[in-house]
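A short write-up of the structure that comes next.
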Amino acid sequence: MQKTLEPIIVTAVALLFSVLLIALFITSTGNDPIAVFKTIYKGSFGSWFSVQNTLVRAAPLLLTALCTAIPARAGLVIIGGEGAMVIGGLFSAITGISLSGNSPIFILTAMMLSGAMSGGLWIALAGFLNYYRGVNETISSLLLNYIAIAILNFLVFGMLKDPETLNKPSSFHIGEANMLGVIGESSIHWGIVFGILLCLLLWFVSLRTTFGFSVSIVGGNPRAAKLAGISVGKMIVISCFIGGACAGLAGVIEVAAVHGRANGSLNSGYGYAGILVAFLARHNPLAIIPFAVLMGGIQAAGGLLQRRHGLPDASVEVIQGMMFVVILGSEALYGRMPFFKNKSIGVSV
Amino acid sequence: MTTDIGLWGVLIAVLGGAVRVGTPFLFVSLGECLTERSGRINLGLEGNLVMGAMVAYAVSYYSESPFLGVIAAAGSGVVLGFLHAFLCQNKRVSHIAVGIALMIFATGLAFFFGKAFIQPTAPRLPAVSLGLWSDSPIIQAAMEINVLFFIGIAIVPVLYFVLKNTRWGLMVRVAGESDSAARALGFDSRKIRWASTMIGGAMASIGGAYLSLYYPGSWNEGLSSGQGLMAVALVIFARWNPIYCFFASLLFGAAAALGPSLQAVGITWGYYLFNAAPYFLTLIILVLSSSADKTLEGMPGEFTR
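Note that the protein sequences, when read in sequence, are chains A and B.
The first sequence begins at 74 in this note's numbering and counts up one residue at a time.
The second sequence begins at 698 in this note's numbering and counts up one residue at a time.
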């Protein structure tokens, strides 16, 4: 019980504290905090329209968060979700464009495979370099982000450029018929379903299978893992591949469900926001779901905040920043709260 | 005087651009260099940069003194550095994640309060004209060098000396090399990291002041193109050495100036690939100079497991 209860209580305390800080901030700008919180609720979960908006924004976050969370279980700090998303989106667009004329199902499947494969290999490279060459994976994945963005710009401003896209240079369109549709009558695309399913699947794999257990041993103590006969390098590279494939899929969804083309929208910060979501969820794939939805919700409320209270669009970032800084800082509380300290005496069940 | 001076013009423009575009890189990378030498990576310097740019511009606008703006920017950087160090003093808290959260927070705050300063013009930092000996306007333009660049150059040997030859510098390096070694020697590596992160944050914010008060020289939300994040890569490229940081900043500045200069003479191919050249080079250097049992020379030991 304690193992699941402690993170929930710590996070709740941190959330409460951050709400207090945010209220202070809002008051200092001359607004009524209660009214602003009501607006945030309305803009994120208060109506069917805003729920859709929230879920659409949460979809890529679910996937890019997995890109940090899964390698983290093997002890690696990967911050290359942005690059893997760009590469995945780019390759899926290339696949979609070059296969045009085939059946939509075939094209979509090929796009997903190529996007996930390319994103996976992109991050697997960081894992490979970490284990076999001793290159710090945080640094190499950061560098890979910039290389990915440069490749995207080179192709999108160059040979892939659709001359019709003047304002925002983009690749050719993959064709309306080949796009990933929306669920029923809503504006929510299937990306959110993929995201949630992958979170559930990877939660099961990470916490309920031998493979997931060996990955955790590698993350906990690589030497012990080696003594137990686990192939450490293989586990590191595979978990990086899985993470990268998820981020690559996020890119595929941006291309196949939202824009229909590869362009600069692929590197609009979902990768970096995903790192935060992963850390907030403490690298537990199941916990990623609520945090990604929370983050998507705050972002979705931005427009309404601007219209209702005249708050600048940057207030969303301030609110998010405060919340995350406090929750991340609350990590220091673990094992310190008196209630959980006395577990040897048996205070709780 | 001719308008078309061909490749020489490109070379001069690139050299001038290296100094002009490279100055913010210089400040951020020196700051990050110090922070990383103490064993912390502060990914939030992008936030410091944007915050510094906003604060400097606002203070310069109200006080009509750009230098006061720079000092105020440094102050804001100290505060952000303090926040980072404060949150990370517990080992369980990830300095990478806190950096990203602070980056979002600080850029948000800067945009929030900076809305009012997009329109007005603030007094800018003065530049020193070293090109008066020449009558070519291109050379004159390239030799307009900002005072902050000279300050940056002055910090380079100072930081190098402090890290290498002083008691405090040694403590920074020990803290970065091994937390437990620092504890064994009887000093608190957390205090060292507090100081290093705060000084590093101040320097990054001065780099931001340069952006808003000199080049491009105005405050808006698209001011920074990720220089703060890039500086983290730059420090690695410079192998955590302040003197190499100087050359690397010029190189990154030149790489950023190369594309537009080539475009000016009609060469457009590969513009975006040139942008990635420094990162690609850094990665290659990283791969070549490390091996499974030996890490990159100069890397603080706290970054290896």
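Beta carbons: idealized from backbone N, C-alpha and C, even for Gly.
Within chain B, the residues that Ile152 (chain A) reaches when beta carbons sit closer than 7 Å | Ile793
Entirely within the stretch 153 to 218 of chain A and at least 4 residues each: give me those alpha helix (DSSP H) ranges in chain order.
-> 154 to 171 and 177 to 206
For Leu931 (chain B), decide whether its Cβ has a neighbour in chain A, counting only Cβ atoms nearer than 8 Å.
-> no
Ignore the nearest five residues each way along the sequence and tell me which others in Tyr754 (chain B)'s own chain have a CB closer than 6 Å to its CB.
-> Only Phe814, Ala819, Ser909 and Trp916 meet the Cβ criterion.
Are the stretch 775 to 784 of chain B and the stretch 320 to 335 of chain A touching by the rule of at least three beta carbon pairs closer than 8 Å?
-> no
In this structure, what does DSSP give as the bridge partners for Ile842 (chain B)?
-> Looking at the DSSP assignment, Ile842 (chain B) forms a beta bridge with B:Val825.
Leaving out the 5 sequence neighbours to the left and right, which residues in its chain are closer than 6 Å to Leu723 (chain B) when beta-carbon positions are compared?
-> Gly849 and Ser946
Could you check what DSSP says for Lys299 (chain A) in three-state terms: helix, strand or coil?
-> helix
Own chain, CB closer than 6 Å to Leu34 (chain A), minus 5 neighbours either side, in chain order | Outside the displayed range of chain A (74 to 422) lies residue 34 (chain A), so it cannot be described from this structure.
Any idea which residues DSSP pairs Asn336 (chain A) with across the strands?
-> A:Ser243
From A:Asn175, A:Gly207, A:Gly154 and A:Phe201, pick the residue whose C-alpha is nearest to that of Gly192 (chain A); which is it?
-> A:Gly154
Do we get a CB-CB distance below 8 Å when we pair Tyr969 (chain B) with the residues of chain A?
-> yes
Taking C-beta pairs closer than 7 Å, name the residues in chain A that Gly898 (chain B) reaches, listed in chain order.
-> When 7 Å is used as the limit between beta carbons, Gly898 (chain B) is near no residue of chain A, the shortest such separation being about 15 Å.
Within the same chain, show all residues whose beta-carbon is closer than 7 Å to that of Arg870 (chain B), passing over the 5 residues directly before and after it, in chain order.
-> Arg734 and Leu860
With a floor of 3 residues, list each beta strand (DSSP E) that falls wholly inside the stretch 334 to 402 of chain A, ordered by position along the chain.
-> Whole beta strand (DSSP E) segments, 3+ residues: zero.
Classify Glu237 (chain A) as buried or exposed, calling it buried when 16 or more other Cβ atoms lie within 10 Å of its own Cβ.
-> exposed
Closer than 7 Å by beta-carbon distance: list the chain A residues that pair up with Val984 (chain B), in chain order.
-> Leu202, Arg206 and Val208
Quick one: which chain B residues come within Cβ less than 8 Å of Leu424 (chain A)?
-> Shown here, chain A extends from 74 to 422; a query on residue 424 (chain A) therefore has no answer.
Lys861 (chain B), DSSP secondary structure in three states = The answer is helix: DSSP assigns Lys861 (chain B) an H, G or I state.
Verify the CB distance criterion: does Met395 (chain A) have a CB-CB separation below 8 Å to chain B?
-> yes
Let me know if Ile940 (chain B) comes out buried or exposed under the rule of 16 or more other beta-carbons within 10 Å of its beta-carbon.
-> exposed
Where does the unbroken alpha helix (DSSP H) through Ile964 (chain B) begin, and where does it stop?
-> Run containing Ile964 (chain B): none; DSSP gives neither H nor E here.
6 Å Cβ shell around Met900 (chain B) - same chain, five flanking residues per side excluded | Phe724, Leu727 and Gly728
Identity of the residues DSSP links to Val266 (chain A) by a beta bridge | In the DSSP assignment, Val266 (chain A) is bridged to no other residue.
Are the C-beta atoms of Glu79 (chain A) and some chain B residue less than 8 Å apart?
-> no
Endpoints, the alpha helix (DSSP H) within which Phe230 (chain A) is located = Segment: none, Phe230 (chain A) is in no alpha helix (DSSP H) and carries neither H nor E.
Min CB distance Ile212 (chain A) to chain B below 8 Å = yes
Val150 (chain A) - DSSP class collapsed to helix/strand/coil | coil
Compute the minimum distance between the beta carbon of Asp885 (chain B) and the heavy atoms of the ligand FMN, and state whether it is under 7 Å.
-> Ligands are entirely absent from the displayed structure, and the ligand FMN is therefore not among its contents.
Counting contacts by CB-CB distance shorter than 8 Å, is Gly998 (chain B) in contact with chain D?
-> No chain D is present in this structure, whose protein chains are A and B.
Please confirm if the stretch 350 to 366 of chain A is in contact with the stretch 94 to 114 of chain A, defined as three or more CB-CB distances below 8 Å between the two stretches.
-> no
Where does the unbroken alpha helix (DSSP H) through Ile889 (chain B) begin, and where does it stop?
-> Ser886 to Leu910
Ala973 (chain B) vs Tyr219 (chain A) beta-carbon contact at 8 Å | Yes, the pair counts as a contact, with Cβ atoms nearer than the cut-off.
May I ask you to list, following chain order, the residues of the stretch 274 to 308 of chain A that have a beta carbon less than 7 Å from some beta carbon of chain B?
-> none
Would you call Trp705 (chain B) buried or exposed, if buried means 16 or more other Cβ atoms sit within 10 Å of its Cβ?
-> If you draw a 10 Å sphere on the C-beta of Trp705 (chain B), you find fewer than 16 other C-beta atoms in it, and that means exposed.
When DSSP labels each residue in this structure, what does Val752 (chain B) get in the three-state scheme?
-> helix
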